[in-house]
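Q: After the C-alpha cells below, expect a handful of questions from me.
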Amino acid sequence: MKFKKLITVMVIAVLALSAFVGCGAKDNTEAVSTDGSTSMEKVIGALGESFQNETGISFTYNPTGSGSGIQAVQEGRCDIGLSSRDLKDEEKAAGLEGTVLAYDGIAIVVNPENPVEDLSLEQIAKIYKGEITNWSEVGGNDAEIVLIGREAGSGTRDGFESITETEDLCKYRQELTSTGDVITTVSQNPGAIGYASVASVKDTVKAVTVDGIAATEETILDGSYVVQRPFVLVTMAGTELSEAAQNFFDYITSDEVKEIILDAGVVPAK
C-alpha cells in the first residue's frame, strides 16, 4: 500500500511539474499574428522583422488578401488584419476599426516591350471597361490589350476600381489572387496590362505614368498621383489586443519606424 501511495504521489508531482513547465513555455512563446493584404507583404514583413529583433516576440503574416484578413479579425483567427482599402460602412457597423499605417500608390503596369509610357485616368478606365481594346488606340503597337486584375475581395482591386470608377464593369481576362501573380503574368505577356502596389513593382514590368505623373513618395503624399489607397490595420473596436499584439501595434504606428516604412516603398501616415 505504501508503495502504491508513493507512486501516486510521484505521478501527481510529475503532472504538476509538467503543468508548470507548460505554462512557462506558453509565456516564453508570445506571438503576434497578422492576416490579409498581399500588397502589404513588403512593409509588414520589414516591420515584423524589426519588431522581432527588438523584442524577441515572434511575428507571423498570412498573405490571404484584404477581404480574408478582415474576416479573420472578425472570427478571432488573428490579432491584426491587414487591408489595402478603407473599411466599408457595413464592416465598421460590425465592430471593425481601421487605423491607417501608410499610403500606397497603385501602379499601372505593362510589359517592358510595350512602348506606351503614359496613360490618362480616362484611358485606363476605358481600357478596363473594354471600350479601348487595342494598344494602337493609345499610341502603342497594333495588338490586343489583355486585361489582368485581382480577385473579388482584393483591396488593390477595390482601390483601383473605385478610383477609376469601373466597379463591376471591368472585362478581365484573368483575375489573380496575389500582387506577385499580376506582376508575373504581365511580365510574360507583351499585350498585358495590370495594376499592383508600387512597393511590389519589379523591373520585370514597366509602370506607366498616369496623366503625366509618376508614383513617388512626393506625388503620393501630395495627392497628385491619383491612383493610391491606404494600408490599414484592422482590429475589433472595444476588444483588447494581447500584450504582445498591442506592443506590435504601438511599435509599427510610432515615429520610430517611419524610415522602415519609407524603405518599403510606401508613405507613412501622418
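Residue numbers are given in my numbering: position 270 of the sequence shown equals residue 270, and the series is strictly consecutive. Here a beta-carbon is modelled for each residue, glycine too, at the ideal position from N, C-alpha and C.
1. DSSP state of G22, grouped into three classes?
2. For D118, which residues of its own chain have a beta-carbon under 8 Å away from its beta-carbon, when the five flanking residues on both sides are left out?
3. Are V227 and Y103 closer than 7 Å when you measure CB to CB?
4. Would you call E41 buried or exposed, if buried means 16 or more other Cβ atoms sit within 10 Å of its Cβ?
5. As a quick exercise: from I261, V100, A143 and D79, pick the residue whose alpha carbon is nearest that of A31.
6. When we look at the beta-carbon of K270 and count the other beta-carbons within 10 Å, is it buried (16 or more) or exposed?
7. Please classify V14: does DSSP put it in a helix, a strand, or coil?
8. Taking the alpha-carbon of E217 as reference, which of I148, A107, K206 and N111 has the nearest alpha-carbon?
9. Does DSSP put Q228 in a helix, in a strand, or in coil?
10. Helix, strand or coil for I148 per DSSP?
11. For a minimum of 3 consecutive residues, which ranges assigned as the beta strand (DSSP E) are wholly contained in the region 143 to 205?
12. Report yes or no: do the region 256 to 266 and the region 189 to 208 share at least 3 C-beta pairs separated by less than 8 Å?
13. Just the C-alpha distance for F248 and L121, rounded to the nearest angstrom, thanks.
14. Which residue from T235, S84 and G194 puts its Cα closest to that of A93?
15. Alpha carbon to alpha carbon, how far is G36 from V116? Give it in angstroms, no decimals.
16. Between L147 and L176, what straight-line distance do the alpha-carbon atoms span, to the nearest angstrom?
A: Inspection of the coordinates gives the following:
1. Below a pLDDT of 50, predicted positions are generally treated as unreliable, and G22, at 34, falls in that range; the measurement from the model is reported next regardless. DSSP places G22 in helix when its eight states are reduced to three.
2. V208, T209, V210, D211 and G212.
3. Their beta carbons are not under 7 Å apart, which means V227 does not touch Y103 by this criterion.
4. buried
5. D79
6. Only exposed fits K270, as fewer than 16 other CB atoms lie within 10 angstroms of its CB.
7. Reliability fails at V14, whose pLDDT of 38 lies under 50, so the model's placement of it is uncertain and the value that follows must be treated cautiously. Of the three classes helix, strand and coil, the one that applies to V14 here is helix, per DSSP.
8. A107
9. In this structure, Q228 counts as strand in the three-state DSSP scheme.
10. Looking at I148 - three-state DSSP - the assignment turns out to be strand.
11. 146 to 150, 174 to 176 and 192 to 197
12. yes
13. The alpha-carbon atoms of F248 and L121 are separated by roughly 38 Å.
14. T235
15. 33 Å
16. 11 Å
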